[in-house]
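Trainee: Attaching a single structure in structure tokens format; questions to follow.
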């Protein structure tokens, strides 16, 4: 029969039950956040390499400039032209069908005395992003990781460059292609046709425009003298976009290379002896078609020079030994060949094999030396001295009349001078980076004080304010005055950090007192694991194998919780067990919890095998290849035959259908069983319709992905066409997001998934699970007692029965913060992530990790202090937050991501958008959501983790004593006391979770600073730091939104419903 609870809660004289809501928190929290933000700012300002720019423009007398060797330059930039994509020069034209015309051109050139073609490995400097590479290709400089000149966002280029020099000398420059050229250099072109470049799904629009414009300009009959260009520039994007969308070895890549071969076939016959054709790439690409890092495939682009007159002084073309040249070397080479001054900031060296004779080469080397010498002297005068080699310094101070009498030695000296600049620009602002690191650590320690009572702090509030204000004031001074500001800020930062350390050490007693949940052995164990993970970021091998490290730590927590359950949990008390069985409330046995721990151990082990390999992964690693057909996107699968493609696609679609059915079926079964779907209002009908409106469109979307792969593999055999498929995919993706958004908004508007039942309806609801659905009778009154106890139903007057009230929190959380975000993110992630996300869900909620955060004495049947406060403190303990944090980062690798720049999922920007984006906000949000999908989901699931962990700890105690709250989630709002405790527990769990996220930012930050001279700092440590910072910011925003939604909508609505019910009964 229904039972009634009473609420005896002190309203006036009750002592504070938690230290979370105190005056010190309102001081410590903003101070800690400000220190965290300041620390990140100062660290990045000092750590990320910067390069000071000189905006001087090179100007020389007309007689001092070498006469042009070519009257017209045709520059064709093929974005992403990896050298390995070109035909193998060692094979005959009959053996190479990829680019037959280029193959014949290379072999004919090799057979002449003056080769007409020169082919080079065109080696880029990292980072291999298009914007940074383009700046290097026109200025001759070496952009650092992030430029101080900041042209990172496409703003106008201020440094001297080739386009500016050509424009100043009256050359007509015509351009067509990627709009980034006109963003960097908006005023240098005689005629320009910029086109958007961000739509990586579009392989043909820009390329078609380049082909048409080139044909118009190069055809003699159509181009008049007034419109004929001296410098013709085209920037094609099809190869790069094909790599991003399909990978390097896809049939679409063969099509784009054939189109490039046909373009060369139409261009070459139109050239005269005074023309120079340059076909080059700005970077290479990995096997998966990505770029941005510094691996050999990403750096190794190709450049091809063609002139009908030939190159009399070449490096003899050898099929087995193709020469290399740095990308910035093209700047002085083209400047001299076109008869314009070399750009002022150039650090490139002229390429000897492209000049007509030795005299021209010697004159070019002399101009190059004078330009670099002048730049070096000016740079030293403006930005400080550099340690130059003695021979070069002597030449710079007393230049001889003929500085390049020995051309070979002169070019070697120029290469040495460039190396000096490269070393100089890799210098970091170590004091400012150290200030940022110390400030970040001090902010982290400041926020950690929120977990301890203010009475335990070793400093007073007034001292805290004075010290903190001095520290904050000193930080801006370190930007305005380097020496004075840093001398003031660094000691204050170090002093504040030591003060926090001392205060924390004094706050932790040597022997934890009973009831102090923040210092249990399980809490110390979980924090030790996090510190080990933080220390592991100092090893490049551990960063490469981070997924295995996370799997080991997760398995350690699972094993520890299972052992604790076996060793320390007392045997069940016979009297209690019999009474619980008679009440049909028998809790789960430890055996069930042990089985769930074993299941999660197996799931973590399987997830470790879903990691996608990175370039540095050892061969013995368990990771999967980036082109594995079972994990990569369905639309990008490449297989030799249509039969194999159908086999793989069919099985993947079948598995995805099973996974989607499990997600929606378990959700529907849980809500139906707990009585949360008995109503017929708008919100109940919407939840009942989630299965057809989410499951079917999701599977249809993945079927269209499989059709995309089929069409790409055999475009002439398909009835459907690619534009129509892309349009349908975008519309279905938008529909799924609309359904998820609408369901979420309805759940915000109607958060109470409960139904009032009459006695007749109550008898008909026998299929609803046990007492958990019957479950609420209003309390009699509020009395002066701080504990919440169950009273016998016979002593209280009957009330209204409400179905689903005992699971009102978990039902809403499972709908709004589990199903809605999961299906929204599956639109971005694809079918391969259905089961990995399901595994993360089971691993988070099934194992009893909460026992690590519970005090052992609380499991004693003689202890009468086990109240709702104790259970909520255990459910929001450090082990629960640690486990969720580790599992979220482990899911990052399980869902196919890696902490490399080339692994950024740009395809996510076009899942719900067709064509070019007009703003960077939407594509940035989509890419970040795809990248940090697992962390976003784990953050959304934290409130449900609190509810389930609370139930687990109550079930475990229920074996030895009658549970204090047998009605489950009702006690989260049944009184003012319990309602406050629930909010405090939720805040505590989120705060600890975010502190651990910040600790995972601190690890890469400290490691990047300490290992700033490490060989792999820009390849491994700096990208890991960028991922940690972006993820930390994004997760912090999501946590704030989730916490606000749960407290302000769900919890507040239940409290308001309770108050209205009490008012109606009074």
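In my numbering, the protein residues as written are 484 to 1549. Here a beta-carbon is modelled for each residue, glycine too, at the ideal position from N, C-alpha and C.
I'd like the list of long-range same chain contacts for residue 1559, defined as Cβ closer than 6 Å, with 5 residues on each side in sequence excluded.
Mentor: Since the first residue shown for the chain is 484 and the last is 1549, residue 1559 is missing from the structure and cannot be characterised.
Trainee: Span of the beta strand (DSSP E) holding residue 1097?
Mentor: It is not in any beta strand (DSSP E) - residue 1097 carries neither H nor E in the DSSP assignment.
Trainee: Counting C-beta neighbours from all protein chains within 10 Å, is the total for residue 1164 16 or more, i.e. buried, or is it exposed?
Mentor: Residue 1164 should be labelled exposed.
Trainee: What are the start and end residues of each continuous beta strand (DSSP E) run of 3 or more residues lying completely inside the stretch 1174 to 1233, in chain order?
Mentor: Complete beta strand (DSSP E) runs here, min 3: none at all.
Trainee: For the pair the stretch 819 to 835 and the stretch 548 to 558, tell me if three or more CB-CB distances fall below 8 Å.
Mentor: Yes, the stretch 819 to 835 touches the stretch 548 to 558.
Trainee: Considering only their Cβ atoms, is the gap separating residue 722 from residue 564 smaller than 8 Å?
Mentor: Yes.
Trainee: If you draw a straight line from the C-alpha of residue 1192 to the C-alpha of residue 1393, how long is it?
Mentor: Spanning the two alpha carbons is a distance of roughly 17 Å.
Trainee: Which of the three DSSP states is assigned to residue 1163 in this structure?
Mentor: In this structure, residue 1163 counts as coil in the three-state DSSP scheme.
Trainee: Quick one, which of 1414, 1396, 1287 and 1424 has its alpha-carbon nearest residue 1366's?
Mentor: For residue 1366, the nearest C-alpha among the options comes from 1424.
Trainee: Can you tell me which residues form a DSSP beta bridge with residue 674?
Mentor: For residue 674, which the question treats as bridged, DSSP gives the partners 657.
Trainee: In three-state DSSP terms, what is residue 1238?
Mentor: Residue state, collapsed to three classes: strand.
Trainee: Measuring alpha carbon to alpha carbon, tell me which of 661, 851 and 1009 ends up nearest residue 681.
Mentor: Of 661, 851 and 1009, the residue nearest in Cα terms is 661.
Trainee: Spatial neighbours of residue 1474 within its chain, please: C-beta separation below 7 Å, excluding the five flanking residues on both sides.
Mentor: Cβ neighbours of residue 1474 beyond the five flanking positions: 933.
Trainee: Kindly provide the ranges of any alpha helix (DSSP H) runs that are 4 or more residues long and lie completely inside the stretch 884 to 932, ordered along the chain.
Mentor: Fully enclosed alpha helix (DSSP H) runs of 4 or longer: 890 to 908 and 913 to 931.
Trainee: Would you give the residue range spanned by the alpha helix (DSSP H) that residue 563 belongs to?
Mentor: Unbroken run through residue 563: none, as it is neither H nor E.
Trainee: Excluding sequence positions up to five away, which residues of its chain have a Cβ less than 6 Å from the Cβ of residue 776?
Mentor: Cβ neighbours of residue 776 beyond the five flanking positions: 1383, 1384 and 1385.
Trainee: Using only the alpha-carbon positions, how far apart do residue 751 and residue 769 sit?
Mentor: One C-alpha to the other measures close to 30 Å.
Trainee: Counting pairs of beta carbons, one from the stretch 1114 to 1121 and one from the stretch 729 to 747, are three or more of them closer than 8 Å?
Mentor: Enough Cβ pairs lie closer than 8 Å, so yes.
Trainee: Cβ atoms of residue 899 and residue 875: under 8 Å apart, would you say?
Mentor: For residue 875 and residue 899, yes; Cβs fall inside 8 Å.
Trainee: Let me know if residue 800 comes out buried or exposed under the rule of 16 or more other beta-carbons within 10 Å of its beta-carbon.
Mentor: Residue placement at residue 800 is flagged as unreliable, the pLDDT there being 46, under the threshold of 50; the coordinate-derived value follows with that caveat. Classification of residue 800: buried, given that the 10 Å Cβ count is 16 or more.
Trainee: Under 8 Å: do the stretch 1393 to 1405 and the stretch 1034 to 1053 share three or more Cβ pairs, one atom per stretch?
Mentor: Contact fails: fewer than three Cβ-Cβ distances are below 8 Å.
Trainee: Give me the DSSP bridge partner(s) of residue 750.
Mentor: Per DSSP, none; premise fails for residue 750.
Trainee: To the nearest angstrom, how far is it from the Cα of residue 765 to the Cα of residue 603?
Mentor: Their backbone Cα atoms lie some 13 Å apart in a straight line.
Trainee: Can you say whether residue 1207 is buried or exposed, counting buried as having 16 or more other CB atoms within 10 angstroms of its CB?
Mentor: Label assigned to residue 1207: exposed.
Trainee: Count the other CB atoms within 10 Å of the CB of residue 1460; is the residue buried (16 or more) or exposed (fewer)?
Mentor: Residue 1460 comes out buried.
Trainee: Could you give the DSSP three-state label for residue 717: helix, strand or coil?
Mentor: Looking at residue 717 - three-state DSSP - the assignment turns out to be strand.
Trainee: Count the other C-beta atoms from every protein chain shown that fall within 10 angstroms of the C-beta of residue 1085, then say buried if there are 16 or more, exposed otherwise.
Mentor: It is exposed - the Cβ of residue 1085 has fewer than 16 other Cβ atoms within 10 Å.
Trainee: If we count the other Cβ atoms within 10 Å of its Cβ and call it buried at 16 or more, is residue 901 buried or exposed?
Mentor: So residue 901 counts as buried.
Trainee: Report yes if the C-beta of residue 1380 is less than 7 Å from at least one heavy atom of the ligand NAP; otherwise report no.
Mentor: In the structure on display, the ligand NAP does not appear, and there are no ligands present to speak of.
Trainee: Is the beta carbon of residue 1359 sitting closer than 8 Å to the one on residue 1472?
Mentor: For residue 1359 and residue 1472, yes; Cβs fall inside 8 Å.
Trainee: How many angstroms separate the CA atom of residue 675 from the CA atom of residue 657?
Mentor: Approximately 6 Å between the Cα atoms of the pair.
Trainee: For a quick check, are the C-beta atoms of residue 622 and residue 814 less than 8 Å apart?
Mentor: Yes. Within cutoff.
Trainee: Assign residue 1299 to buried or exposed, taking buried as 16 or more other Cβ atoms, counted over all protein chains shown, within 10 Å of its Cβ.
Mentor: Buried, since its Cβ has 16 or more Cβ neighbours within 10 Å.
Trainee: With DSSP as the reference, identify every bridge partner of residue 555, one or two as the case may be.
Mentor: Residue 555 pairs with 758.
Trainee: Spell out a yes or no on whether the stretch 732 to 749 and the stretch 681 to 697 are touching, meaning 3 or more CB-CB pairs, one atom from each, closer than 8 Å.
Mentor: The stretch 732 to 749 is in contact with the stretch 681 to 697.
Trainee: Cβ atoms of residue 789 and residue 599: under 8 Å apart, would you say?
Mentor: In contact: residue 599 and residue 789 (Cβ atoms closer than 8 Å).
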